[in-house]
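Asker: So the sequence lines, in the order shown, correspond to chains L and G. So the first sequence is residues 1 to 370, counted in the working numbering. So the second sequence is residues 371 to 641, counted in the working numbering.
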Amino acid sequence: MTQPIITLRNVTKRYGTHTILKNINLTLESGKFYTLLGPSGCGKTTILRAIAGFMSVSEGDVLFAGQRINEVPANKRNVNTVFQDYALFPHLTVAENVAFGLTLKKVAKAEIAERVAKALKLVQLAGYGDRAISELSGGQQQRIAIARAIVMAPKVLLLDEPLSALDAKLRRQMQYELRDLQQRLGITFLFVTHDQEEALAMSDEIFVMNQGEVLQSGSPVDIYDEPINHFVADFIGESNILPAKMIEDFQVAFGGHQFECADAGIPDNEPVEVVIRPEDLTLTTLDQAKLTVTIDTQLFRGDYYEIAATDTLGNDWLIHSVNPAEDGETIGITFRPQDLHVMRFGEKEAEFDARLETYEELEDDGVDET
Amino acid sequence: MTKRRTWVYFIPYGLWLALFVIAPVALIIYQSFFDLGQHFTLTNYNTYFRSATYLKMTLNSVWYAFLITLFTGLISYPTAYFIHQLKHRQFWLLLVILPTWINILLKAYAFIGIFSQAGLANQFLTFIGIGPQQILFTNASFIFVATYIQIPFMILPIYNALDDLNPAFVNASKDLGASTWQTFRHVIFPLTLPGVKAGVQAVFIPSLSLFMLTRLIGGNKVITLGTAIEEHFLTTMNWGMGSTIGVVLIVAMIVVMLLTGDQKTKGGTPR
Numbered sequence: 001m002t003q004p005i006i007t008l009r010n011v012t013k014r015y016g017t018h019t020i021l022k023n024i025n026l027t028l029e030s031g032k033f034y035t036l037l038g039p040s041g042c043g044k045t046t047i048l049r050a051i052a053g054f055m056s057v058s059e060g061d062v063l064f065a066g067q068r069i070n071e072v073p074a075n076k077r078n079v080n081t082v083f084q085d086y087a088l089f090p091h092l093t094v095a096e097n098v099a100f101g102l103t104l105k106k107v108a109k110a111e112i113a114e115r116v117a118k119a120l121k122l123v124q125l126a127g128y129g130d131r132a133i134s135e136l137s138g139g140q141q142q143r144i145a146i147a148r149a150i151v152m153a154p155k156v157l158l159l160d161e162p163l164s165a166l167d168a169k170l171r172r173q174m175q176y177e178l179r180d181l182q183q184r185l186g187i188t189f190l191f192v193t194h195d196q197e198e199a200l201a202m203s204d205e206i207f208v209m210n211q212g213e214v215l216q217s218g219s220p221v222d223i224y225d226e227p228i229n230h231f232v233a234d235f236i237g238e239s240n241i242l243p244a245k246m247i248e249d250f251q252v253a254f255g256g257h258q259f260e261c262a263d264a265g266i267p268d269n270e271p272v273e274v275v276i277r278p279e280d281l282t283l284t285t286l287d288q289a290k291l292t293v294t295i296d297t298q299l300f301r302g303d304y305y306e307i308a309a310t311d312t313l314g315n316d317w318l319i320h321s322v323n324p325a326e327d328g329e330t331i332g333i334t335f336r337p338q339d340l341h342v343m344r345f346g347e348k349e350a351e352f353d354a355r356l357e358t359y360e361e362l363e364d365d366g367v368d369e370t
Numbered sequence: 371m372t373k374r375r376t377w378v379y380f381i382p383y384g385l386w387l388a389l390f391v392i393a394p395v396a397l398i399i400y401q402s403f404f405d406l407g408q409h410f411t412l413t414n415y416n417t418y419f420r421s422a423t424y425l426k427m428t429l430n431s432v433w434y435a436f437l438i439t440l441f442t443g444l445i446s447y448p449t450a451y452f453i454h455q456l457k458h459r460q461f462w463l464l465l466v467i468l469p470t471w472i473n474i475l476l477k478a479y480a481f482i483g484i485f486s487q488a489g490l491a492n493q494f495l496t497f498i499g500i501g502p503q504q505i506l507f508t509n510a511s512f513i514f515v516a517t518y519i520q521i522p523f524m525i526l527p528i529y530n531a532l533d534d535l536n537p538a539f540v541n542a543s544k545d546l547g548a549s550t551w552q553t554f555r556h557v558i559f560p561l562t563l564p565g566v567k568a569g570v571q572a573v574f575i576p577s578l579s580l581f582m583l584t585r586l587i588g589g590n591k592v593i594t595l596g597t598a599i600e601e602h603f604l605t606t607m608n609w610g611m612g613s614t615i616g617v618v619l620i621v622a623m624i625v626v627m628l629l630t631g632d633q634k635t636k637g638g639t640p641r
């Protein structure tokens, strides 16, 4: 493993008696796209500010390439920030904004011009140098803010909800561009957002946060498929979460029936929760049904129907189906064992990972034997 | 219905504007074209622009107003900046505003007491062995007191400009490697310049026409345009000449407004 570029070690931040960050540990490797994801007020921006140097932490260490930088002021750190409201200087032109940091560094004029032109080209705004900031649209300001940061050639780029002010279409387009930019520049991006779609689309690794804690970290697929708890499952994507009981390894009971599942390592008869993603549920005939539900309503979402249904025990179900159903119809739903994901109450990430490892090895062994 | 209502709301302000702004200005302009014998003439302007005394007095006025504005600015910007960083800034700001609630005459008399031969200032100078000195009725004491009186009017707009400044700009500047001083020079000061300009407007014009202080503190050594107007209206009874100087003052006012007005900078209008 390469040297991590940013490490937070046991970082805690308090304002008076209020704790904003609780013992945060995270490691960012060079050249990857990371996302801090969580609802507003979860502390994600605070982490960004701690790394940028706008705020000091109460406890713990902030490391940059192995060096402790807690006391290094913001202007001496080799990280740059794209601010939520862009913070472009209104009294300077586009080119002067982008050149701001380089001018302070006393870089030669010719080199500044060259690097500014290159940065503007990179964000597809070549030739906009002489414009006033107020003449730019929101999306263009966004790009200039990115250009102003990347022209400094930082090791780490911090992005504080940079897309939140853009309309939906532009936001999707910028997601592609940011991802593309990160891969071309090969620098570390730390992106802060409350939008799970953005996080899933762009990240190499996501840190899901709530109330000052990192609840789970992992690749978008891992987090989506194997959320650690109710909060993560609910926050990331749509989900059906049901109270259940672990009968034994690979057997779980909910909705009045017992089903095969892909989870193990949980004590028998422990109360748990089960997550099933709406797109993993398939409508079927009653004789092939694992569960029987009655359709309440359905919404046409363009590429699928979003169906709300109730099962015989009164549990609500959300189903994504390519084909429509009929309101009031009683219909069967089915799913595969691997579509079920069992979550224990109060399980921490380390325990969760350790448990996953034990039975995933077991599964692999099983495959080998056959 | 709605249109008529809106019109009704305008009446108090309209009356005020007509009676106390438009009418007096019109009267002054009208008066400036009449000599002592009530004949319509351009003599007053002729006299004004040909007389070395009047021109020198105008220059003098502008020079002193400039000095007062300069000193006020030099003191007010750092003060406003400092107060803005404080925890109980509203309280400190109140202390700055407080002296403006006291009548200017009272303050002037207070300074006469402080600066007189037996006053506090001279007691102190005597105590450290270099006094007593002539403080009252000097140009320096005039500038000192005028600056003291004008400071709150400069601090307020600058403070408001600092308050309006988005703190993200400061963070962005530091993020891009600027030191505290560089951030101030390249970001904070240019972006709070409108506040400074507003302060200059609020200080420079009234300083041009200060007349009470020139007499009470300056001992009439400095004759400003304000003093001249007062003399013409109350002593020599030459209303025409007084009005002419008034017109000159109004023109100077417009010039200063234009100079310090919100010019569209190349980077667009500041927020």
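Just so you know, even glycine gets a beta-carbon here, dropped at the ideal spot from N, CA and C. Quantities reported herein were computed from a predicted structural model and do not represent experimental measurements.
Per DSSP, Met209(L) forms a beta bridge with which residues?
Answerer: DSSP lists Val214(L) as partners of Met209(L).
Asker: If we require 4 or more residues per run, which alpha helix (DSSP H) segments fall completely within the stretch 113 to 186 of chain L?
Answerer: Counting only runs of 4 or more, we get 138 to 150, 168 to 185.
Asker: In chain G, which residues lie less than 7 Å from Gly101(L) when you measure between Cβ atoms?
Answerer: Here the neighbours are Leu546, Gly547.
Asker: Which chain L residues sit within Cβ distance under 7 Å of Ala538(G)?
Answerer: Residues of chain L passing the Cβ test: Phe83, Asp85, Ala87.
Asker: Residue range of the alpha helix (DSSP H) that Pro271(L) falls in?
Answerer: Note, Pro271(L): premise wrong, no alpha helix (DSSP H); beta strand (DSSP E) at 271 to 276.
Asker: Looking at the structure shown, is Phe335(L) part of a helix, part of a strand, or coil, going by DSSP?
Answerer: Note: Phe335(L) maps to coil in three-state DSSP.
Asker: Between which two residues does the beta strand (DSSP E) containing His257(L) stretch?
Answerer: Its beta strand (DSSP E) spans residues 257 to 260.
Asker: Are any of the Cβ atoms in chain G nearer than 8 Å to that of Met372(L)?
Answerer: In the structure displayed, chain L extends from 1 to 370; residue 372(L) sits before or after that span and is not available.
Asker: Strictly below 9 Å CB to CB, what residues from chain L border Gln552(G)?
Answerer: Asn75, Leu104, listed in chain order.
Asker: Below 8 Å, can you find three or more Cβ-Cβ pairs linking the stretch 127 to 134 of chain L to the stretch 85 to 94 of chain L?
Answerer: Yes: the two stretches touch, three or more of their Cβ pairs being nearer than 8 Å.
Asker: Mind checking Asn416(G): buried by the 16 CB within 10 Å criterion, or exposed?
Answerer: Exposed, since its Cβ has fewer than 16 Cβ neighbours within 10 Å.
Asker: Please state whether DSSP places Pro243(L) in a helix, a strand or coil.
Answerer: Correct three-state label for Pro243(L): strand.
Asker: Which two residues bound the contiguous beta strand (DSSP E) that contains Asn25(L)?
Answerer: Start and end: 18 to 28.
Asker: Express the C-alpha separation of Ser543(G) and Leu157(L) in angstroms, rounding to a whole number.
Answerer: Each residue's Cα considered, the two are about 15 Å apart.
Asker: According to DSSP, which residues form a beta bridge with Arg14(L)?
Answerer: Answer by DSSP bridge pairing, in chain order: Thr19(L).
Asker: Under 9 Å between beta-carbons, which chain L residues line up against Asn541(G)? List them in chain order, please.
Answerer: Ordered by position in chain L, the residues that pass the 9 Å Cβ test against Asn541(G) are Arg49, Ala52, Phe54, Ala74, Thr81, Phe83, Ala87.
Asker: Are at least three pairs of beta-carbons, each pair with one atom in the stretch 556 to 576 of chain G and one in the stretch 529 to 546 of chain G, less than 8 Å apart?
Answerer: Taking 8 Å as the limit for Cβ pairs, the verdict is that the stretch 529 to 546 of chain G does touch the stretch 556 to 576 of chain G.
Asker: Just to confirm before moving on: does the CB-CB distance between Ile295(L) and Asp327(L) stay below 8 Å?
Answerer: The answer is yes: Cβ separation under 8 Å.
Asker: Taking C-beta pairs closer than 7 Å, name the residues in chain B that His341(L) reaches, listed in chain order.
Answerer: Here chain B cannot be found, since the structure's protein chains are L and G.
Asker: Using 10 angstroms around the beta-carbon of Tyr379(G), count the other beta-carbons present and answer buried if the total reaches 16, otherwise exposed.
Answerer: That one is exposed.
Asker: Starting from His230(L), find everything on chain G with Cβ-Cβ shorter than 7 Å and list it in chain order.
Answerer: Residues of chain G passing the Cβ test: none, with the nearest at roughly 35 Å.
Asker: Using only the alpha-carbon positions, how far apart do Ser58(L) and Met209(L) sit?
Answerer: Rounded to the nearest angstrom, the two C-alpha atoms are 19 Å apart.
Asker: Give a yes or no on whether the minimum CB-CB distance between Pro564(G) and chain L is below 8 Å.
Answerer: So no, Pro564(G) is outside the interface.
Asker: Can you give me the Cβ contacts of Tyr305(L) inside the same chain, cut-off strictly under 6 Å, excluding the 5 residues immediately before and after it?
Answerer: If we look at Tyr305(L) and ignore the five residues flanking it on each side, its Cβ neighbours are Gln298, Ser321, Pro324.
Asker: Give every residue of the same chain whose Cβ lies closer than 8 Å to the Cβ of Ile247(L), excluding the five residues on either side of it in the sequence, and list them in chain order.
Answerer: Once the five neighbours on either side are set aside, the close Cβ partners of Ile247(L) are Ala253, Gln258, Asp268, Asn269.
Asker: Output the boundary residues of the beta strand (DSSP E) element that contains Trp317(L).
Answerer: Residues 316 to 321.
Asker: For the pair the stretch 423 to 437 of chain G and the stretch 570 to 585 of chain G, tell me if three or more CB-CB distances fall below 8 Å.
Answerer: The stretch 423 to 437 of chain G vs the stretch 570 to 585 of chain G: in contact.
Asker: Check whether chain L comes within 8 Å of Val557(G), counting only Cβ atoms and requiring the distance to be less than that.
Answerer: Yes, contact with chain L.
Asker: Helix, strand or coil for Val57(L), going by three-state DSSP, please let me know.
Answerer: Coil.
Asker: Quick one, which of Ile112(L), Ile47(L), Lys290(L) has its alpha-carbon nearest Gly37(L)'s?
Answerer: The sequence as given places Leu at residue 37(L); Gly does not occur at that position. If we check each option's Cα against that of Leu37(L), Ile47(L) comes out closest.
Asker: Measuring CB to CB, does Met202(L) end up less than 8 Å from Leu178(L)?
Answerer: Yes, Cβ-Cβ distance for Met202(L) and Leu178(L) is below 8 Å.
Asker: Whole angstroms is fine: what's the gap from Gly489(G)'s alpha carbon to Lys477(G)'s?
Answerer: Going by the C-alpha atoms only, they are around 15 Å apart.
Asker: What is the DSSP secondary structure of Gly637(G), counted as helix, strand or coil?
Answerer: Low per-residue confidence applies at Gly637(G): pLDDT is 39, beneath 50, and the placement is therefore not dependable enough to give any value.
Asker: Secondary structure at Ala289(L), three-state DSSP: helix, strand or coil?
Answerer: Coil at Ala289(L), not helix or strand.
Asker: Which residues bound the alpha helix (DSSP H) around Ala264(L)?
Answerer: From DSSP, Ala264(L) is part of no alpha helix (DSSP H); its letter is neither H nor E.
Asker: Please give the ranges of any alpha helix (DSSP H) in the stretch 573 to 631 of chain G, keeping only runs that are unbroken, at least 4 residues long and fully inside the region.
Answerer: Listed in chain order, they are 582 to 586, 595 to 600, 609 to 630.
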